[in-house]
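Novice:
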Amino acid sequence: MTIERAVLLFAGIVILTGLILAYAVSPWWALLSAFAGANLIQSAFTGFCPAAIAFQKLGLKHGLPFR
14 MTIERAVLLF AGIVILTGLI LAYAVSPWWA LLSAFAGANL IQSAFTGFCP AAIAFQKLGL
74 KHGLPFR
């Protein structure tokens, strides 16, 4: 798995988890999904992604996210 694919997978998991918790526990959990979405938008413009840095430190390599 590449860093780019791992970031996409992690973002999807965080967004879905936030939505499930917002439905099942408290609407405030929707803020988790909003934070993940805002982070994705921010990283698209700046190129800075904390999750990518963490995955790189875990040993994942860069690659193309789509073919």
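Numbering follows the working numbering, in which position 6 of the sequence shown is assigned residue number 19; successive positions increment by one, without gaps. All C-beta atoms in this analysis are idealised placements derived from N, C-alpha and C, irrespective of residue type, glycine included.
#1: Could you tell me the distance, in whole angstroms, from the CA atom of F62 to the CA atom of L32?
#2: Report the CB separation of L77 from A19 in whole angstroms; it is logged as a contact under 8 Å.
#3: Flag this pair as yes or no: are the beta carbons of L53 and A24 separated by less than 8 Å?
#4: Considering Cα atoms alone, identify which of Q69, F68, G50, A67 is closest to T30.
#5: Locate the alpha helix (DSSP H) running through V27, then write down its first and last residues.
#6: For A64, which residues from the same chain have a beta carbon less than 7 Å from its beta carbon, with the 5 sequence-adjacent residues on both sides left out?
#7: Taking only beta-carbon positions, decide if G50 is within less than 8 Å of chain B.
Specialist: The relevant details are as follows:
#1: In the sequence on display, residue 62 carries Cys and not Phe. Straight-line Cα distance between these residues: approximately 22 Å.
#2: In fact, because the Cβ distance is near 13 Å, the residues do not count as touching under 8 Å.
#3: yes
#4: G50
#5: 16-37
#6: V20, F23
#7: Given the protein chain composition of this structure (a single chain), no chain B is represented.
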